[in-house]
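Trainee:
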Amino acid sequence: MTTTQQNINEKLIPILEQISDPEIPVLSIMDMGVVRSAVIEGDTVKIEITPTYSGCPAMDVIGDDIKSALKKAGYKAEVDLILHPAWTTDWITPKGRQALEDYGIAAPLDAEADKSVLLEGKQLVKCPQCGSKNTTMISQFGSTACKAQFKCNDCQEPFDYFKCLK
Amino acid sequence: MNQNLYNYILGIADNSLILGQRLGELCGHGPSLETDIACTNMSLDLLGQVRSYYQYAAKIAGDGRTEDDIAMLRKEREYVNVLLVEQPNTDFGYTIARQFLFDVYHFLMLTELEKSTDLNLSAIAKKSIKEVSYHKRFSSDWIKRLGDGTKESHDRIQTAINDLWTYTDELFHQTEADKAMVEEGVGVDVTKLKEAYYKEVENVLETATLDIPESKYFQKGGKQGIHTEHMGYLLADLQYMQRAYPNMEW
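Going down the list, the sequences are from chains A and B. When we follow full-length UniProt numbering, the leftmost residue of the first sequence carries the number 1, and every step to the right adds one. When we follow full-length UniProt numbering, the leftmost residue of the second sequence carries the number 1, and every step to the right adds one.
#1: Rounded to whole angstroms, how far is the Cβ of VAL186 (chain B) from the Cβ of THR117 (chain B), which I believe are closer than 8 angstroms?
#2: Strictly below 7 angstroms CB to CB, what residues from chain A border LEU47 (chain B)?
#3: Can you have a look at HIS29 (chain B) and say buried or exposed, based on whether 16 or more other CB atoms are within 10 angstroms of its CB?
#4: Going by C-alpha to C-alpha distance, which of A:PRO22, A:TYR75, A:ASP80 sits closest to ARG36 (chain A)?
#5: Could you run through the segment 87-116 of chain A and flag, in chain order, every residue whose CB is less than 9 angstroms away from some CB of chain B?
#6: Which residues in chain B have a C-beta closer than 8 angstroms to the C-beta of ALA58 (chain A)? List them in chain order.
#7: Mapping the DSSP letters down to three states, classify ASN7 (chain A) as helix, strand or coil.
#8: For VAL35 (chain A), which three-state DSSP category applies?
#9: Identify whether VAL45 (chain A) lies in helix, strand or coil by the three-state DSSP scheme.
#10: With DSSP as the reference, label PRO85 (chain A) as helix, strand or coil.
#11: Less than 7 angstroms between C-beta atoms, sequence neighbours within five positions excluded: which residues of the same chain meet that for ALA61 (chain B)?
#12: Across which residues does DSSP place MET30 (chain A) in a beta bridge pair?
#13: Leaving out the 5 sequence neighbours to the left and right, which residues in its chain are closer than 6 angstroms to THR144 (chain A) when beta-carbon positions are compared?
#14: Helix, strand or coil for GLN129 (chain A), going by three-state DSSP, please let me know.
#15: Tell me whether LEU10 (chain B) counts as near the ligand ATP, meaning its Cβ is closer than 7 angstroms to at least one heavy atom of that ligand.
#16: Report the rounded CA-to-CA distance for MET1 (chain A) versus CYS146 (chain A), giving the unit in angstroms.
#17: Under 8 angstroms Cβ-Cβ, which residues of chain A neighbour LYS223 (chain B)?
#18: Can you name the residues of chain A whose CB is closer than 7 angstroms to the CB of LEU44 (chain B)?
#19: Relative to the C-alpha of residue 309 (chain B), which residue among B:ASN162, B:VAL190, B:GLU184, B:ASP163 is closest?
#20: What's the gap between the Cα of LEU205 (chain B) and the Cα of LYS194 (chain B)?
#21: If you compare alpha carbons, which of A:LEU70, A:ALA148, A:ASP114, A:CYS155 is closest to ALA38 (chain A)?
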């Protein structure tokens, strides 16, 4: 949480933690850091979410999932998409980073390291399968807007790397 | 409605829409799996950014028009994108040259738009520039790889750069809406980006062992809605579904 604090009513956290990113099902939207505020006003919950990437097609689904989860809990929901402040990979929680690794996606490095990894081919990204840092970038762009493609030179497994965004 | 602001937003957004459409054409047709995915990823980023711009423009129009109407239902003359972005994917050299020549401009423009007094535009710029920095990295990298690659790749990227060079000057032409918005502190003065643009482009071309085109003959017209012959075909493709099945929704 570098730039802004989230403003989330504690009662809503258990509900929101049940909702995951449809493209990375192991990661809840809370661990992803896309929920910026959630407040209860009477029987209505007002929620602000922010996209990871502008074109992220998951945002519409996430909005619908939030509405349906809150409806089950007895609330009406108003979901707003906000662009500012822009999402950064720093907002992924430590628990979220671990969930990514366990799922086989290498978690983002810090911005400077990310740059040298994507530009100079420095071996800093750890293979989520075997832990080796003897890895090579295959492409700066991967299976979704937020990932790059890597392969491990030791265990030979290809894997996704979650690109750093700051 | 603030017509100048509306036109100004379209001036930015149409570039991304049309380039996004061109890149999207490569879906399943890229020269390799990785470049195919890269081009469609960039297309997705651009279309995502376009949605934010058009949603804002629709709000300003305030007459019931939606982002989809603005994207899909205008006539050719009403699109104000620069000629560069509508040029076809002739080969991978052209695709990369077009991308590179636009990305360098796009990055510089967004860097200034971040400072806009219009909070919506500044928020979209701050979001977009993170994505565009990846685009620029990708296209600059490929310019170097192709230029400093084999004789074949060198010649083809050189041909593409030479051909597309004629469309670069238009990036720095101001429209009436531009001038009005610069005055209000909302818009970016594109004329001031020109020097930095050519400096950066020429640096990359030199590293790539490519010649900097000497031609001083430049094409213009896109910003006034006068397009090259490629635009009609592109729009036919883009608008087909809405024209054939009006008001169809996903």
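Glycine residues also receive a C-beta, built at the ideal position from the N, C-alpha and C atoms.
Mentor: This is what the structure holds:
#1: Translated into the one-based positions of the second sequence, residue 186 (chain B) becomes position 186. Translated into the one-based positions of the second sequence, residue 117 (chain B) becomes position 117. With 8 angstroms as the limit, VAL186 (chain B) and THR117 (chain B) qualify as a contact, their Cβ atoms being about 6 angstroms apart.
#2: Within the second sequence, numbered from 1, the residue matching residue 47 (chain B) stands at position 47. Residues of chain A passing the Cβ test: GLY55.
#3: Here residue 29 (chain B) refers to the residue found at position 29 of the second sequence. Label assigned to HIS29 (chain B): exposed.
#4: Residue mapping note: residue 36 (chain A) aligns to position 36 of the first sequence, counting from 1. Put simply, of A:PRO22, A:TYR75, A:ASP80 the residue whose alpha carbon is nearest the alpha carbon of ARG36 (chain A) is A:ASP80.
#5: So the close ones are TRP87, THR88, LYS115.
#6: On the first sequence, residue 58 (chain A) is found 58 positions in, with the first residue counted as 1. For ALA58 (chain A), there are no C-beta contacts with chain B under 8 angstroms, since the nearest C-beta of that chain is about 11 angstroms from it.
#7: Taking the first sequence and counting its residues from 1, one reaches residue 7 (chain A) at position 7. In this structure, ASN7 (chain A) counts as strand in the three-state DSSP scheme.
#8: Sequence index remark: in the first sequence, residue 35 (chain A) carries index 35 (1-based). VAL35 (chain A) carries a strand assignment under DSSP once its states are collapsed to helix, strand and coil.
#9: The residue given as residue 45 (chain A) occupies position 45 in the first sequence. VAL45 (chain A) sits in a strand when the DSSP states are folded into three classes.
#10: By 1-based counting over the first sequence, the position of residue 85 (chain A) is 85. Coil.
#11: Translated into positions along the second sequence, residue 61 (chain B) becomes position 61. Correct list, in chain order: MET1, TYR6.
#12: On the first sequence, position 30 is the one that residue 30 (chain A) refers to. None; MET30 (chain A) has no bridge partner.
#13: Position 144 of the first sequence, counted from the start, is the residue given in the question as residue 144 (chain A). If you ignore the 5 residues before and after THR144 (chain A), its C-beta comes within less than 6 angstroms of the C-beta of GLU23, all in its own chain and listed in chain order.
#14: In the first sequence, counting from the first residue as 1, residue 129 (chain A) sits at position 129. GLN129 (chain A) falls in the coil class under three-state DSSP.
#15: With respect to the ligand ATP, the structure offers nothing, as it holds no ligand at all.
#16: As a position in the first sequence, residue 1 (chain A) is number 1, starting the count at 1. As a position in the first sequence, residue 146 (chain A) is number 146, starting the count at 1. Because the pLDDT at MET1 (chain A) is just 40, under 50, the model does not fix this residue reliably, and the point stays unresolved.
#17: As a working mapping, residue 223 (chain B) is identified with position 223 in the second sequence. At a beta-carbon threshold of 8 angstroms, none of the residues of chain A lie near LYS223 (chain B); the nearest stands roughly 23 angstroms away.
#18: What you label residue 44 (chain B) is simply residue 44 of the second sequence in a count that begins at 1. Scanning chain A for C-beta atoms nearer than 7 angstroms to the C-beta of LEU44 (chain B) yields GLY55, ALA145, reported in chain order.
#19: The displayed coordinates of chain B run from 1 to 250. Any statement about residue 309 (chain B) would go beyond what the structure contains.
#20: The residue you call residue 205 (chain B) lines up with position 205 of the second sequence. The residue you call residue 194 (chain B) lines up with position 194 of the second sequence. Cα to Cα, LEU205 (chain B) sits roughly 16 angstroms from LYS194 (chain B).
#21: The residue labelled residue 38 (chain A) in the question sits at position 38 within the first sequence. For ALA38 (chain A), the closest of A:LEU70, A:ALA148, A:ASP114, A:CYS155 by C-alpha to C-alpha distance is A:LEU70.
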